[in-house]
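Asks: One structure follows; several queries about it will come next.
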Amino acid sequence: MGLVHRLVLGLLLAGNLAAAQAQSCAAQSGMTPPLVVELYTSEGCDSCPPADRWLSGLRGRPGVFAAAFHVDYWDRLGWRDRFASPLYTARQQQNVAQSGARFAYTPQIVVNGRDWRDGELPTPSASEKAVIALKLQRDGEEQVAVESRALPGAPARVQLWWAQLEDGHSSEVRAGENRGATLRHDAVVRAYASLPAGGADQQWLLKKAPAKGEDGRPRRLLLVATDAANGRVLQAAQLGC
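Those letters in the sequence shown? Residues -22 to -1, 1 to 219, by mature numbering (1 follows the signal peptide of the UniProt record, and there is no 0).
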């Protein structure tokens, strides 16, 4: 076999392997709902770094999915948080009433849709049965097929949201309350969207859900289903490939 033929064969095999890996890259929800922990934080807030470190400590914890939403209302006070977005600020403010908080603040921890100030996380209940099933299937480097299915006990109206997450970020803060500090972040939300509330049985294709993020770091996709009536988390699944 000539050199050209060997090169062509190698490229074909590599392409087939990549396609097979993409097809086998999938995640689905479990029989019981996990804990979904949202942290609302900012690099401009001097009380936020301990909460950031606490969230990083949740990495790999079974039954727990974490997401750090960096809000932008601290940006006007001397340091612009490059991870912040007005979308995340709007999400926090819109969920104030449902979460049980009196107002939006940082650092705020929300666990399964509820404002959480007790420190130690609750233990997921093994007796609580899932009423929603979620499935994520990667379809190439940029796209992910998503499926939500109602199980017995599902509410009539469900809201689905997803976030693309990255770990291992750091910033050298040069102004504001954290001036001179090097801050490290995990589970940073880099993209976020939600669907209008509707029935639980849905299928769609996310066309901008890359497997790699900034500087080639792995990007995870977190999908969460909530009860549209009260914001309570019903189910979640996370795709890490």
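Glycine residues also receive a C-beta, built at the ideal position from the N, C-alpha and C atoms.
Model, not experiment: these values are computed from the prediction.
If you run the structure through DSSP and keep just helix, strand and coil, what is Glu125?
Replies: The residue given as residue 125 occupies position 147 in the sequence shown. Reduced to three states, the DSSP call for Glu125 is strand.
Asks: Quick check on Arg69: does DSSP put it in helix, strand or coil?
Replies: As a first step, residue 69 is located in the sequence shown; it is residue number 91 there, counting from the start. Of the three classes helix, strand and coil, the one that applies to Arg69 here is helix, per DSSP.
Asks: Report back the beta-carbon spacing between Leu212 and Thr204 to the nearest angstrom; my notes put them in contact at under 8 angstroms.
Replies: Within the sequence shown, the letter at position 234 stands for residue 212. Within the sequence shown, the letter at position 226 stands for residue 204. Sure, about 6 angstroms apart at Cβ, within 8 angstroms.
Asks: Using only CA atoms, which one of Ser172, Ser34, Lys185, Arg116 lies nearest to Ala165?
Replies: Within the sequence shown, the letter at position 187 stands for residue 165. Residue Ser34 is the option with its Cα nearest to Ala165.
Asks: Going by DSSP in three states, Glu21 sits in which element: helix, strand or coil?
Replies: Along the sequence shown, one-based indexing puts residue 21 at 43. Coil, per DSSP.
Asks: Suppose the cutoff is 8 angstroms on Cβ atoms and the five residues either side in sequence are ignored; what does the same chain contact list for Arg170 look like?
Replies: For the purposes of this step, residue 170 is taken as residue 192 along the sequence shown, with counting starting at 1. Correcting the residue identity first, residue 170 is Tyr in this sequence and not Arg. Here the set comprises Phe47, Ser63, Leu65, Tyr66, Arg69, Trp139, Trp140, Ala141, Gln142.
Asks: First and last residue of the beta strand (DSSP E) that includes Leu184?
Replies: Here residue 184 refers to the residue found at position 206 when the sequence shown is read from its first residue. First-last of the beta strand (DSSP E) with Leu184: 180 to 184.
Asks: Here's the rule: buried if 16 or more other CB atoms are within 10 angstroms of the residue's CB, otherwise exposed. What is Ser25?
Replies: Here residue 25 is taken as the residue at index 47 of the sequence shown, counted from 1. By the neighbour-count rule (16 or more Cβ atoms within 10 Å), Ser25 is not buried but exposed.
Asks: Assign Val49 to one of three DSSP states: helix, strand, or coil.
Replies: Looking up residue 49 in the sequence shown gives position 71. If DSSP states are grouped into helix, strand and coil, Val49 belongs with coil.
Asks: Per DSSP, which residues does Gly158 bridge with? Please list them.
Replies: Here residue 158 refers to the residue found at position 180 of the sequence shown. None, per the DSSP bridge assignment.
Asks: Do Leu13 and Gly38 have their beta-carbon atoms positioned less than 9 angstroms apart in this structure?
Replies: Residue numbering aside, residue 38 sits at position 60 when the sequence shown is read from its first letter. Residue numbering aside, residue 13 sits at position 35 when the sequence shown is read from its first letter. No. Outside cutoff.
Asks: Measuring only the C-alpha atoms, how far is Glu150 from Ala178?
Replies: The residue you call residue 150 lines up with position 172 of the sequence shown. The residue you call residue 178 lines up with position 200 of the sequence shown. The alpha-carbon atoms of Glu150 and Ala178 are separated by roughly 43 angstroms.
Asks: Label Asn73 either buried or exposed according to how many other C-beta atoms from any shown protein chain fall within 10 Å of its C-beta, with 16 as the threshold for buried.
Replies: Stepping through the sequence shown from its first residue, residue 73 is reached at position 95. Under this definition Asn73 is a buried residue.
Asks: Considering only residues of the same chain and omitting the five flanking positions on each side of Ala121, which have a CB-CB separation below 7 angstroms?
Replies: Translated into the one-based positions of the sequence shown, residue 121 becomes position 143. Ala is not the amino acid found at residue 121; the sequence shown has Gln there. Cβ within range, chain order: Leu183, Leu184, Lys185, Ala187.
Asks: Measuring only the C-alpha atoms, how far is Leu161 from Ala134?
Replies: To locate residue 161, count along the sequence shown from 1; it is residue 183. To locate residue 134, count along the sequence shown from 1; it is residue 156. Between Leu161 and Ala134, the C-alpha separation is close to 43 angstroms.
Asks: Would Ala159 and Pro27 be called neighbours here (beta carbons separated by less than 9 angstroms)?
Replies: Taking the sequence shown and counting its residues from 1, one reaches residue 159 at position 181. Taking the sequence shown and counting its residues from 1, one reaches residue 27 at position 49. In contact: Ala159 and Pro27 (Cβ atoms closer than 9 angstroms).
Asks: Taking its Cβ as the centre, do 16 or more other Cβ atoms sit within 10 Å of Asn156, making it buried, or is it exposed?
Replies: In the sequence shown, the residue the question calls residue 156 occupies position 178. Under this definition Asn156 is a buried residue.
Asks: State buried or exposed for Arg198, treating a residue as buried only when at least 16 other CB atoms are found within 10 Å of its CB.
Replies: As a working mapping, residue 198 is identified with position 220 in the sequence shown. With 16 or more other Cβ atoms within 10 Å, it is buried.
Asks: I'd like to confirm the pairing. Which residues does DSSP put opposite Val15 in its beta bridges?
Replies: Counting from 1 along the sequence shown, the entry for residue 15 is found at position 37. DSSP, once it has assigned bridges, lists Ala44, Val89 as partnering Val15.
Asks: What would DSSP say about Ala29, mapped onto helix, strand or coil?
Replies: In the sequence shown, counting from the first residue as 1, residue 29 sits at position 51. Of the three classes helix, strand and coil, the one that applies to Ala29 here is helix, per DSSP.
Asks: Excluding the five sequence neighbours on either side, which residues of its own chain have a C-beta within less than 7 angstroms of the C-beta of Ala207, listed in chain order?
Replies: As a first step, residue 207 is located in the sequence shown; it is residue number 229 there, counting from the start. Hits under 7 angstroms: Pro133, Arg135.
Asks: Out of Arg116, Phe61, His147, which has the shortest C-alpha to C-alpha gap to Val49?
Replies: Counting from one through the sequence shown, the residue named residue 49 turns up at place 71. Of the listed residues, the one whose Cα sits closest to Val49 is Phe61.
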